[in-house]
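In the UniProt record's numbering, the protein residues as written are 1 to 210. Heads up, the beta-carbon is just placed ideally off N, CA and C, and yes, glycines get one too. What follows is one structure encoded as C-alpha cells, with my remarks underneath.
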Ligand SMILES: CC(C)(COP(=O)(O)OP(=O)(O)OC[C@H]1O[C@@H](n2cnc3c(N)ncnc32)[C@H](O)[C@@H]1OP(=O)(O)O)[C@@H](O)C(=O)NCCC(=O)NCCS
C-alpha cells in the first residue's frame, strides 16, 4: 500500500511539473543559442557576442549613455521589463574583452522582427559592429522563417539611415510627430528577407509529415 501511495504521489508531481512547464512563456532569449561567439570586426578587432540577459543591463545602459550623448532612450526599468518579462524580446550584446561595444534590441512578432534599439559606443563605431549585429538578427530571422525586419529611425539620423539602406532596408513611410519630447518624425523601414512564403511553408510542412 505504501509503495502504491509513493507511486501515486510521484505521478502527481510529474503532472504538476508538466503543467508548470506548459504555463512558462517560451522566452526567445532562452530558446536560442549562438553557433559562434567570437567575431573579427573590420579593423581585425576580436569581439564577443552574447545574448543579452538580466546581468547585461548595466552594460546596455552604459552603451546607451555613451552613444546617445548621455540621453538613454530606454531607461533601466523599461529595459528590465523588456528583457525579464517580455518573452518575445531578443538582445545581442557585443564586448571587446570586458568592455561593452554595442547592442541590438528586438521584438519577435509572427511575421516580422521589430528592432527596438541599436547602438554602438563611439570609440567602436564605423568598424562594422552594427552591421555584425544586424547580420546576426538576419540569421535568427532566417532560422525562424520570419520574412521581414522592421524599425523606425529619426528622419535626421543620416548615419543610421545610411547603415540600414546599405544592409537592404527600404523606406516604408513617414510617421509624423513620432518621438516623445521633441516630436521629430520617424522613417519606418523594412528589410524583406528571402524566406519561404506561408503557402510554401505549409507545403513543406505537409511534405515533411507525409
Ligand atoms: C548608427 C550606428 C548604430 C552605426 O553603427 P556602426 O557600428 O558605426 O556602423 P557600421 O560600422 O556597421 O557601418 C555600416 C554603415 O553605416 C553607415 N555609417 C556608419 N557610420 C557612419 C557615419 N559616421 N557617417 C555616415 N555613414 C555612416 C555607412 O553606410 C557604413 O558603411 P561604410 O562603413 O561602408 O561606410 C552608430 O552610429 C550609433 O550607435 N549611433 C548612435 C545610436 C543610433 O543612432 N542608433 C540608431 C537608432 S535607429
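Closer than 7 Å: residue i CB and nearest ligand 1 heavy atom
i, result
"residue 125", "yes"
"residue 7", "no"
"residue 106", "no"
"residue 153", "yes"
"residue 70", "no"
"residue 44", "no"
"residue 34", "no"
"residue 158", "yes"
"residue 49", "no"
"residue 81", "no"
"residue 118", "yes"
"residue 162", "yes"
"residue 130", "yes"
"residue 171", "no"
"residue 67", "yes"
"residue 166", "yes"
First and last residue of the uninterrupted alpha helix (DSSP H) at residue i
i, result
"residue 108", "Taken as a continuous stretch (DSSP letters only), residue 108 belongs to no alpha helix (DSSP H), being part of the beta strand (DSSP E) at 99 to 108."
"residue 30", "28 to 31"
Enclosing beta strand (DSSP E) for residue i [first to last residue]
i, result
"residue 40", "38 to 40"
Neighbour flag for residue i against chain B, beta carbons, 8 Å
i, result
"residue 105", "Structure shown: chain B not included; a single protein chain is present."
Contact between the region 117 to 131 and the region 99 to 106 (3+ Cβ pairs under 8 Å): yes
Segments of 3+ residues assigned as beta strand (DSSP E) that fall wholly inside the UniProt domain "N-acetyltransferase" (47 to 194): 89 to 96, 99 to 108, 113 to 120, 148 to 154, 170 to 175, 186 to 192
Validate contact between the region 47 to 58 and the region 83 to 93 using beta carbons, cut 8 Å, 3 pairs: yes
Inter-stretch contact (C-beta, 8 Å, three-pair minimum) for the region 134 to 149 and the region 185 to 194: yes
The region 67 to 80 in contact with the region 32 to 40 per 3-pair CB rule at 8 Å: no
Segment contact, 8 Å Cβ cut-off, at least three pairs: the region 125 to 142 with the region 163 to 172: yes
Touch test, the region 60 to 75 against the region 41 to 50, Cβ-Cβ under 8 Å, three pairs minimum: no
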